[in-house]
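According to my numbering, the sequence shown holds residues 113 to 432 in order. Glycine is no exception: its CB is placed at the ideal position from the N, C-alpha and C atoms. Notes follow the structure.
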Amino acid sequence: MKRINNVLTKNKFSTKLIDKRVEAITKHPYVVKFLIENEGEISQSQLRPFLSKLNQYIRELDNCNECPGLEQCPNLMRGHYPSLKAYMGNIDITMNQCVKLKNDYAEQNRKTLIQCHAIPKDVQTATFNTIEMDNHRLKAIDLAITFCNELIMGSKLGGLYLHGAFGVGKSHIAGAIANTLADGDIPVLMVHTPSLVNEMRDAIAEAMRGNKLSATVSKKLELLSSTPVLILDDIGTETYSSWIRDNVFGVILQNRVSKQLPTIYTSNLTLDELEQALSWISHKGQTYEDKVGARRIMERIRPYVIPVEVGGRNRRYDKK
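Written out as structure tokens, the structure reads:
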């Protein structure tokens, strides 16, 4: 008899705890707000079968209000917050992506839209908000921003030719263009031209030893020819072989012109100086002049770009 009474007492105590828990949940501010917003769909007296969902709802909203960051998110679904929906006396709980998760996805997507080849990290992360504005660079930056806006809006554009002295920030402006276009869901490939030339030269040497153009070279040519926006950083800094000039740059630029794909260039040279530089080609250790070949390449650059000078101090040495 004593044992039965003990059981009954425990059950009674357990029931009281449950009732207190039910009351705490059903009178919680989150739940009260939910009931007010869904008046006519569900009432407080109908909540008992949904205590588990309501408890999760309260717990995870509390987690969100004290958000420790995406990586430490304690919710059942990382980066999600709960919402409740009432219908005909029932309750469903839905998990929704939070702003932090959406921003993380957007950043990951942006990274997939930008490919960089031998580009410094500070250039890869450049934005128009972080670039220093001054009178010497204002025209170039304004033009770059306008270019991005028009391209994102769907305009068909040729490209830009950013030229100027060493260290004035041409590459950073190009990097900001890349990031802005990626934010607008436009894929960009930014390439350090001297590094590309060295890589292609090595690949072509390998191909010629095998007496055929390697799949690697063909793949790179196709990528450079077809990427929606190509940025050739630091073009014209060295003497190219006729093969590099005519069969790499010539093919890439001709394909891009045919497909009406914009190309952006940065260089220490003006367009006229670039043509002069391209007229000198190397072959077996000798250098000779080929103005016709250079003019042919420039016909695929000059008519399709807006040239703009980037001025100012050399920021590599003067960081004030």
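Might you give, ordered along the chain, the residues of its own chain that have their beta carbon closer than 6 angstroms to the beta carbon of R425, omitting 5 neighbours on each side?
Cβ neighbours of R425 beyond the five flanking positions: none.
Where do the N-terminal and C-terminal ends of the alpha helix (DSSP H) with Y217 fall, by residue?
Looking at the DSSP string, the run of the alpha helix (DSSP H) that includes Y217 is V211 to L225.
Does the pairing of the stretch 414-421 with the stretch 274-281 give three or more beta-carbon distances under 8 angstroms?
Enough Cβ pairs lie closer than 8 angstroms, so yes.
Using three-state DSSP, classify V300 as helix, strand or coil.
Strand, per DSSP.
Residue ranges of each alpha helix (DSSP H) run of no fewer than 4 residues wholly in the stretch 380-422, ordered along the chain?
Here the runs fully enclosed are 383-390 and 403-410.
Just to confirm the assignment, what range does the alpha helix (DSSP H) spanning H248 have?
No alpha helix (DSSP H) contains H248, which DSSP labels as neither H nor E.
Decide if P374 is buried, meaning its Cβ has at least 16 other Cβ atoms within 10 Å, or exposed.
Looking at its Cβ environment, which holds 16 or more other Cβ atoms inside 10 Å, P374 is buried.
CB-CB under 7 angstroms to A294, same chain, minus the five flanking residues each way: which ones, in chain order?
Answer for A294: R222, L225, I226 and V300, listed in chain order.
Tell me which residues share the same chain as G270 and place their Cβ nearer than 7 angstroms to its Cβ, disregarding the 5 neighbours each side in the sequence.
Counting only Cβ-Cβ distances below 7 angstroms, and skipping sequence neighbours, we find P374, Y416 and V417.
From the DSSP output, which residues share a beta bridge with M312?
Bridge partners of M312: none, in fact.
What is the residue span of the beta strand (DSSP E) that A198 lies within?
That run of the beta strand (DSSP E) goes H192 to Y199.
With a Cβ-Cβ cutoff of 8 angstroms, do I205 and K145 count as a contact?
Not in contact: I205 and K145 (Cβ atoms no closer than 8 angstroms).
Looking at C-alpha atoms only, which residue of A317, I289, D297 and L213 is the closest neighbour of L255?
Of the candidates A317, I289, D297 and L213, the one whose C-alpha sits nearest the C-alpha of L255 is I289.
Using only the heavy atoms of the ligand MG, determine whether one of them is closer than 7 angstroms to the beta carbon of D216.
Looking for the ligand MG in the displayed structure turns up nothing, as the structure carries no ligands at all.
Is it the case that the Cβ atoms of L383 and R414 are separated by a distance below 8 angstroms?
The answer is yes: Cβ separation under 8 angstroms.
Can the beta-carbon of A316 be found closer than 8 angstroms to that of V303?
This sequence places Ile at residue 316; Ala is not what is there. Against a cut-off of 8 angstroms, the Cβ pair of V303 and I316 comes out as no contact.
Round the Cβ separation of N202 and H192 to the nearest angstrom and send it over; I've been treating them as touching at under 8 angstroms.
Contact flag wrong, Cβ pair sits at about 21 angstroms.
Using a 10 Å radius around the Cβ and a threshold of 16 neighbouring Cβ atoms, would you call R428 buried or exposed?
Exposed: under 16 other Cβ atoms inside 10 Å.
Please determine, among I364, L365 and A230, the residue with the shortest C-alpha to C-alpha distance to L308.
If we check each option's Cα against that of L308, A230 comes out closest.
Tell me, please, whether the stretch 364-371 touches the stretch 249-269 by the rule of three or more beta-carbon pairs shorter than 8 angstroms.
No, they do not touch.
Quick one: what's got a C-beta closer than 6 angstroms to T292's C-beta in the same chain, skipping five residues either side?
Hits under 6 angstroms: C260.
Anyone know if the C-beta pair for S391 and E401 falls short of 8 angstroms?
Taking 8 angstroms as the Cβ cut-off, S391 and E401 qualify as a contacting pair.
Between D234, L333, Y352 and E350, which lies nearest to G281 when the distance is taken from Cα to Cα?
Checked all of D234, L333, Y352 and E350; the closest Cα to G281 is D234.
In or out: M312 buried (at least 16 other Cβ within 10 Å) or exposed?
The residue in question, M312, is buried, as its Cβ has 16 or more Cβ neighbours within 10 Å.
In or out: L188 buried (at least 16 other Cβ within 10 Å) or exposed?
L188 should be labelled exposed.
How close, in whole Å, do the beta carbons of T83 and L344 come, if the pair is a contact with beta carbons under 8 angstroms?
Residue 83 lies beyond the range of the chain shown here (113 to 432); nothing can be said about it.
Can you look up Y429 in the DSSP assignment and give me helix, strand or coil?
Y429 falls in the coil class under three-state DSSP.
Drop a sphere of 10 angstroms on the beta-carbon of A286, count the other beta-carbons inside from all chains shown, and report buried for 16 or more, exposed for fewer.
The residue is buried, with at least 16 neighbouring Cβ atoms inside 10 Å.
Short of 8 angstroms in beta carbon distance, which residues of its chain neighbour V119, apart from the five on each side in sequence? Order them along the chain.
Low confidence applies here, because V119 scores a pLDDT of 43, under 50, leaving its location unreliable and the question unanswered by this model.
Of the choices L336, T378 and D358, whose alpha-carbon is the least far from that of D346?
Here the closest residue by C-alpha is T378.
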